[in-house]
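K.L.:
Here it is, the structure in full.
There are 2 protein chains.
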Amino acid sequence: MLPTTGLPQGAVPKLERPGPLRDRVYEALLELITTRALQPGQHLVESELAGHLGVSRQPVREALQRLSTEGWVDLRPAQGAFVHEPTEDEADQLLTVRTLLETEAARLAAAHVHAEAITELEKLCAEGERAVAADDVDGAVAMNARLHAKVMELAGNAVLAELAAQVDRRVRWYYTPVARQRGRQSWTEHRELIAAIGEGDEQRATAVMRAHTEHTRKIYHEREK
Amino acid sequence: MLPTTGLPQGAVPKLERPGPLRDRVYEALLELITTRALQPGQHLVESELAGHLGVSRQPVREALQRLSTEGWVDLRPAQGAFVHEPTEDEADQLLTVRTLLETEAARLAAAHVHAEAITELEKLCAEGERAVAADDVDGAVAMNARLHAKVMELAGNAVLAELAAQVDRRVRWYYTPVARQRGRQSWTEHRELIAAIGEGDEQRATAVMRAHTEHTRKIYHEREK
DNA sequence: CGACTGAATATTGTCTACAGGATGGAACTG
DNA sequence: CAGTTCCATCCTGTAGACAATATTCAGTCG
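Here you go:
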């Protein structure tokens, strides 16, 4: 089964294949939704989207199917797709679930910790702090997501990771307008979290992550007033 | 906005509409997968399924899309759909997540408990015990699912419920061959759970549910040997 | 003037057709 | 006989067309 060509294994860059259109349509629509170019409640007309993206209706439909099962759009039979309208209740429920998933991830990460992982986490944390210091809000938000994703990766539970990724993205969608404020403190909490994970202290990692995500929830609710 | 006809509100039985084909195809395929009529790893050819179900390929494709995002089939680009093959690792991860979600549900249920809810739970429990006594394995499994679903409903968190429903169904899929054994003890554990919820004791409800689901996991792993 | 009825329009749901890539096997070459 | 190349076949991905259903708006009647 050895390759007969003398080429080293990874030398060929695997030449980017365009991949199915539906996936690119999915990405495009999700981007449009999360950036609020498509507003909650808006009616998504298949032919419009298709025309706008330069494809036929079929890939659009398949993308909408997926967006529907993931909760981004509501698919009313014979009426079409509507961008999901988050309610206060739902946002709160999502935050609850997020706390649950992230907390468990922190615990598992602490249980499976190894040295290089901590190094990477600290690197991410440093970059995030740098972004905050430079008032680079978008950068800070991105680093925040990557940090949490890394913790999730350390947890070593792919199922958990997938659920958390979906929940997180939706939380971030609701939360975006408010997220701007939450800056410095969040990153000191991250430092604490990394320390707890580094010590392999499951209890403390759990507690810190819970406090961290609950803090986020609190800020979210304060905004309503 | 009041109705001008003199008909009482719920009098019209809302006449069953066939609903979108994709949904019925989805149900049919999911049934075929969970019953193992379609075996893990099997290649699902769209035109075959379409012909077999008497519809065209389009609804089949849309159903496969949804099944793919929910983890029942793997959609390899340009190759088609294959029934997902669960690995031991994945089964274990799913059980972990299930424990997490069910445990939280039990806690929330205990927090929001009210009298009639307990009555309903006990009714379900009694029916389940009756099924076990009558060696009605399928009936017992069904009642088990309904009981857990009821607890989830009491928790009052729709997001949590939806995730748990998906995870549960997949766990049951992996678990089906083994589930037969687990009968009586499971239902005494259910009694304990209901008692804890009835007292509004979050701590104890959490502990009991964790023990219950972890017990399930243990049995699952013993089977491997 | 308001409410109902009806047709016209727009949009979805489904089917059929066609192009491109993947798979498997036969023929060919060393 | 082993390995490779090429071809036939099958299947998926995408597009376009048609039928069915919901929505909108104008016209009509009380």
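As they're listed, the protein sequences go chains A and B. If you're matching positions, the first sequence starts at -11 in the numbering used here and goes up one per residue. If you're matching positions, the second sequence starts at -11 in the numbering used here and goes up one per residue. Beta carbons: idealized from backbone N, C-alpha and C, even for Gly. Here the structure is a predicted model, which means the values were calculated and not measured.
Mind the definition here: the segment 146 to 162 of chain B touches the segment 66 to 82 of chain B only if three or more C-beta pairs lie below 8 Å; say whether that holds.
P.N.:
Yes, they touch.
K.L.:
Is the segment 93 to 111 of chain B in contact with the segment 132 to 150 of chain B, if contact means three or more CB pairs nearer than 8 Å?
P.N.:
Because the criterion of three Cβ pairs below 8 Å is met, the segment 93 to 111 of chain B and the segment 132 to 150 of chain B touch.
K.L.:
Buried or exposed for Gly42(B), going by 16 or more other Cβ atoms inside 10 Å?
P.N.:
As a working note, residue 42(B) is residue 54 in the second sequence. Gly42(B) comes out exposed.
K.L.:
Exposed or buried, which one is Gly186(B) when buried takes at least 16 other CB atoms within 10 Å?
P.N.:
On the second sequence, position 198 is the one that residue 186(B) refers to. The residue in question, Gly186(B), is buried, as its Cβ has 16 or more Cβ neighbours within 10 Å.
K.L.:
Can you name the residues of chain B whose CB is closer than 9 Å to the CB of Glu58(A)?
P.N.:
Numbered from its first residue, the first sequence carries residue 58(A) at position 70. Chain B residues near Glu58(A): Thr57.
K.L.:
Rounded to whole angstroms, what is the Cα-Cα separation between Thr(-8)(A) and Gln67(B)?
P.N.:
Locating residue -8(A) in the first sequence gives position 4, where the first residue counts as 1. Locating residue 67(B) in the second sequence gives position 79, where the first residue counts as 1. At Thr(-8)(A), the pLDDT of 48 sits below 50, so the modelled position is not reliable and the matter cannot be decided from this model.
K.L.:
Name, please, each residue of chain B whose Cβ falls closer than 9 Å to the Cβ of Leu18(A).
P.N.:
Residue 18(A) sits at position 30 when you count from the first residue of the first sequence. By Cβ distance, chain B contributes nothing, its closest Cβ being about 13 Å from Leu18(A), past 9 Å.
K.L.:
Would a C-beta distance cut-off of 8 Å place Arg49(A) and Glu34(A) closer than the cut-off?
P.N.:
Numbered from its first residue, the first sequence carries residue 49(A) at position 61. Numbered from its first residue, the first sequence carries residue 34(A) at position 46. Taking 8 Å as the Cβ cut-off, Arg49(A) and Glu34(A) qualify as a contacting pair.
K.L.:
Are the segment 10 to 25 of chain B and the segment 181 to 199 of chain A touching by the rule of at least three beta carbon pairs closer than 8 Å?
P.N.:
As far as the Cβ criterion goes, the segment 10 to 25 of chain B does not touch the segment 181 to 199 of chain A, which means the pair count is below three.
K.L.:
In terms of DSSP beta bridges, what is Asp62(A) paired with?
P.N.:
Against the first sequence, residue 62(A) aligns to sequence position 74. Its beta-bridge partners are Phe70(A).
K.L.:
Using the beta-carbon of each residue, which ones in chain A are nearer than 8 Å to Gly7(B)?
P.N.:
On the second sequence, residue 7(B) is found 19 positions in, with the first residue counted as 1. What Gly7(B) touches in chain A: Pro65.
K.L.:
For Arg243(B) and chain A, any beta-carbon pair shorter than 8 Å?
P.N.:
As shown, chain B starts at -11 and ends at 213. That puts residue 243(B) outside it, with no answer to give.
K.L.:
Applying a beta-carbon distance threshold of less than 9 Å, which residues of chain B neighbour Glu92(A)?
P.N.:
Position 104 of the first sequence, counting from 1, holds the residue named residue 92(A). Simply Thr84, Val85, Leu88.
K.L.:
For Leu32(B), name the three-state secondary structure that DSSP assigns.
P.N.:
To locate residue 32(B), count along the second sequence from 1; it is residue 44. In this structure, Leu32(B) counts as strand in the three-state DSSP scheme.
K.L.:
Would you kindly work out how many angstroms separate the C-alpha atoms of Tyr14(A) and Ser56(A), rounded to a whole number?
P.N.:
Locating residue 14(A) in the first sequence gives position 26, counting from the first residue. Locating residue 56(A) in the first sequence gives position 68, counting from the first residue. Their backbone Cα atoms lie some 11 Å apart in a straight line.
K.L.:
Helix, strand or coil for Pro47(B)? Go by DSSP, reduced to three states.
P.N.:
What you label residue 47(B) is simply residue 59 of the second sequence in a count that begins at 1. It is helical.
K.L.:
Starting from the Cα of Leu112(B), find the closest Cα among Ala137(B), Ala195(B), Gln46(B), Arg192(B) and give me that residue.
P.N.:
Against the second sequence, residue 112(B) aligns to sequence position 124. Out of Ala137(B), Ala195(B), Gln46(B), Arg192(B), Ala137(B) has the C-alpha closest to the C-alpha of Leu112(B).
K.L.:
When the Cα of His102(A) is compared with those of Glu19(A), Leu88(A), Ala51(A), Gly188(A), which residue comes out closest?
P.N.:
Mapped onto the first sequence, residue 102(A) falls at position 114. Residue Gly188(A) is the option with its Cα nearest to His102(A).
K.L.:
I'd like the list of long-range same chain contacts for Pro28(B), defined as Cβ closer than 6 Å, with 5 residues on each side in sequence excluded.
P.N.:
Numbered from 1 along the second sequence, position 40 holds the residue referred to as residue 28(B). Taken in chain order, the residues that qualify are Val71, Glu73.
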